[in-house]
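Undergrad: Numbering (UniProt numbering), first residue to last: 1 to 435.
From the three backbone atoms N, C-alpha and C, an ideal C-beta is built for every residue, glycine too.
Sharing a structure here in structure tokens format.
Here is the structure:
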């Protein structure tokens, strides 16, 4: 499938299917009687994201900081569906990133694309994605520029622009309580990229052959809501010639006293696939997160256990929805790693201040094996603080403010990917409906 991406220097080509769907959509716009649902159910949203990121390294490495500031602009336009047994629609996604501050000695935060020759960040970068879609019953098929938020490939929201994928996905809710998902993905548009690229395996600390590419990823599975308090999840994914992964999860809520006891059990079972171009993959990752929610508080304790000969694999540029997603300085998915964490979340709506929330999180991993660095029984830890507020009224209503801070330390060799650092992020986000 040819690229559906456009950068600041030119336009990519459009697949025949998307071209046909776009033509059909334009034709429907010209005939209101036929395009009733296509137009009436359409909507557009403009989102602005201002992002400052500072990685202040505390080790003896040559680079002392990665520090950049950028402005993101997202426009999403989603049509409805044409009437009939099978409805057709078309979505358009436009993304723009603008450099506000950077320099070659402190680039590399992944907020902006960086030249490999002089380490200068681009002044701006952009991409345009088209998505054709059809719906029958409670089943929706999308093709073109698609988003994935699944346990084995979670499109990370932790940089300026969202990452997207190129491929075809199907989601069905025709069976009560069951959501089925399947898809075929052949390219990824990274968060700091203007084009689609082949997928690779994440390989910090040289866990795998990170230069090996895959022709596609195929997946199938679903989530089943047994009742209002219990849900089950099962998926199988294959990243061609790199690895395959099975995912099982259980999420449960239990009213207890004045609050709710929550249980989140997750597991990933991974092996090499096909030609195994990334090298050996042999990992079992199981985790449990138990929390108690009362008033505005939520207190959680978790444990994750990695076994097998290798680290836990995932697609480079995404996150794995294990126990450690949304950590800031490390992924805590090294070989043999045992990870403990404690989290305290507080929603100030409980004391009459809606929109204000905080998080304190401590994550510690030990028993780590870094085979490529000839290191065993290593440790890492991260202390994370967050403060967020969404303005509730006035001319700045719905403007979101978020400050995140992490203090990360490890005893890894000096050539390791994860370095001792104090990291700070400030985000200002505002979304407004276009119509």
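Taking 8 Å as the threshold, find out whether the region 345 to 362 comes into contact with the region 302 to 312 through three or more Cβ pairs.
TA: Too few Cβ pairs lie closer than 8 Å, so no.
Undergrad: Quick check: the Cα distance between residue 441 and residue 420, rounded to an integer number of angstroms?
TA: Residue 441 is absent from the structure shown; the chain starts at 1 and stops at 435.
Undergrad: Grab me the residues of residue 423's own chain with a C-beta within less than 6 Å of its C-beta, minus the 5 sequence neighbours each way, in chain order.
TA: Within the chain shown, residue 423 is the residue found at index 423, counting from 1. Taken in chain order, the residues that qualify are 55, 328, 329, 406.
Undergrad: Could you please give me the residues that DSSP links to residue 78 through a beta bridge?
TA: Indexing the chain shown from 1 puts residue 78 at position 78. 43, 91, per the DSSP bridge assignment.
Undergrad: Ignoring anything shorter than 3 residues, give me the beta strand (DSSP E) runs that lie fully in the region 101 to 178, in order along the chain.
TA: Here the runs fully enclosed are 124 to 136, 139 to 146, 164 to 172.
Undergrad: Entirely within the region 230 to 269 and at least 3 residues each: give me those beta strand (DSSP E) ranges in chain order.
TA: 230 to 239, 243 to 256
Undergrad: Output needed for residue 392: all residues of its chain with C-beta closer than 7 Å, excluding positions within five of it in sequence on either side, in chain order.
TA: Within the chain shown, numbered from 1, the residue matching residue 392 stands at position 392. These residues qualify, in order along the chain: 354, 355.
Undergrad: Check whether the Cβ atoms of residue 212 and residue 233 lie closer than 7 Å to each other.
TA: Position 212 of the chain shown, counted from the first residue, corresponds to residue 212. Position 233 of the chain shown, counted from the first residue, corresponds to residue 233. Going by C-beta atoms, residue 212 is not nearer than 7 Å to residue 233.
Undergrad: Please name the residue, chosen from 374, 380, 375, that lies closest to residue 366 on a Cα-to-Cα basis.
TA: Sequence index remark: in the chain shown, residue 366 carries index 366 (1-based). Cα-wise, what sits closest to residue 366 is 380.
Undergrad: Could you name each continuous beta strand (DSSP E) segment of 3 residues or more that falls completely within the region 281 to 314, going from the start of the chain to the end?
TA: 282 to 294, 297 to 307
Undergrad: How about residue 50 and residue 428: are their beta carbons less than 7 Å apart?
TA: Stepping through the chain shown from its first residue, residue 50 is reached at position 50. Stepping through the chain shown from its first residue, residue 428 is reached at position 428. Cβ distance < 7 Å, so residue 50 and residue 428 count as in contact.
Undergrad: Flag this pair as yes or no: are the beta carbons of residue 69 and residue 90 separated by less than 7 Å?
TA: For the purposes of this step, residue 69 is taken as the residue at position 69 of the chain shown. For the purposes of this step, residue 90 is taken as the residue at position 90 of the chain shown. Against a cut-off of 7 Å, the Cβ pair of residue 90 and residue 69 comes out as no contact.
Undergrad: Look at the alpha carbon of residue 389 and the alpha carbon of residue 38, and state the distance between them as a whole number of angstroms.
TA: Walking along the chain shown from the start, residue 389 turns up at place 389. Walking along the chain shown from the start, residue 38 turns up at place 38. Each residue's Cα considered, the two are about 36 Å apart.
Undergrad: Tell me the DSSP secondary structure of residue 189 in three-state form.
TA: Within the chain shown, numbered from 1, the residue matching residue 189 stands at position 189. Reduced to three states, the DSSP call for residue 189 is strand.
Undergrad: Kindly indicate which residue of 73, 229, 377 has the alpha-carbon position closest to the one of residue 254.
TA: Position 254 of the chain shown, counting from 1, holds the residue named residue 254. Closest by alpha carbon: 229.
Undergrad: Look up residue 433 in the DSSP assignment and say whether it is helix, strand or coil.
TA: In the chain shown, the residue the question calls residue 433 occupies position 433. Reduced to three states, the DSSP call for residue 433 is strand.
Undergrad: Could you tell me the distance, in whole angstroms, from the CA atom of residue 360 to the CA atom of residue 385?
TA: As a working mapping, residue 360 is identified with position 360 in the chain shown. As a working mapping, residue 385 is identified with position 385 in the chain shown. Distance between the alpha carbons of residue 360 and residue 385: 5 Å.
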